[in-house]
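So for the sequence shown, my numbering puts the first residue at 1207; every next one is plus one. Every residue gets a Cβ at the ideal spot worked out from N, C-alpha and C, and that includes glycine. Inspection log for the structure reproduced underneath, given as structure tokens.
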Amino acid sequence: MILYDLRYSARSLAEAAAEARRPWPQSVRRRVDVYCFPRHNRDRGLSRAATLAERRARQRLRARAGVLRRLVNTPTGELALEAADAIDIPPPNHRHGELWLA
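Rendered as structure tokens:
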């Protein structure tokens, strides 16, 4: 299989920084040998990996939401809204991300 890509060389990055302009990418042609097709013959390995990644993403989301609940709900019954700003909960990864990266 032959792949075409655009890359920045160290030289083009240095010249662009010296001239205060954007660097110009250079075309790169690569030859790749593929020995394994993950979706060939109904291979279940890819779906298992996607299911495992989705399960881990849900567990991370539940853990972060639990930390947020414990910080916001104080024992006195008042809400500590300032503490909620300290926790960042990124969106969970969907299984389609795992399938796309395969």
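Next item on the list: Pull up the distance between the alpha-carbon of residue 1223 and that of residue 1217, whole angstroms please.
Entry: 10 Å
Item checked: Cβ shell of residue 1248 (< 6 Å), same chain only, five flanking positions each side left out -> none
Notebook entry, point to check: With distances taken between CB atoms, is the gap from residue 1214 to residue 1229 smaller than 9 Å?
Noted result: yes
Notebook entry, point to check: Where DSSP assigns a beta bridge to residue 1233, which residues make up the other side?
Noted result: 1212
Note to self: Am I right that residue 1286 and residue 1278 are in contact with their C-beta atoms under 8 Å? What's the rounded C-beta distance?
What the structure shows: 6 Å
Margin query: At the level of alpha carbons, what is the spacing between residue 1289 and residue 1256?
Written below: 34 Å
Next item on the list: Measuring alpha carbon to alpha carbon, tell me which of 1270, 1293, 1212 ends up nearest residue 1232.
Entry: 1212
Margin query: Quick check on the DSSP output: the alpha helix (DSSP H) that includes residue 1257 runs from which residue to which?
Written below: 1251-1278
Checklist line | Of the residues 1283, 1298, 1284, 1270, the one placed nearest residue 1292, counting alpha carbons only | finding: 1270
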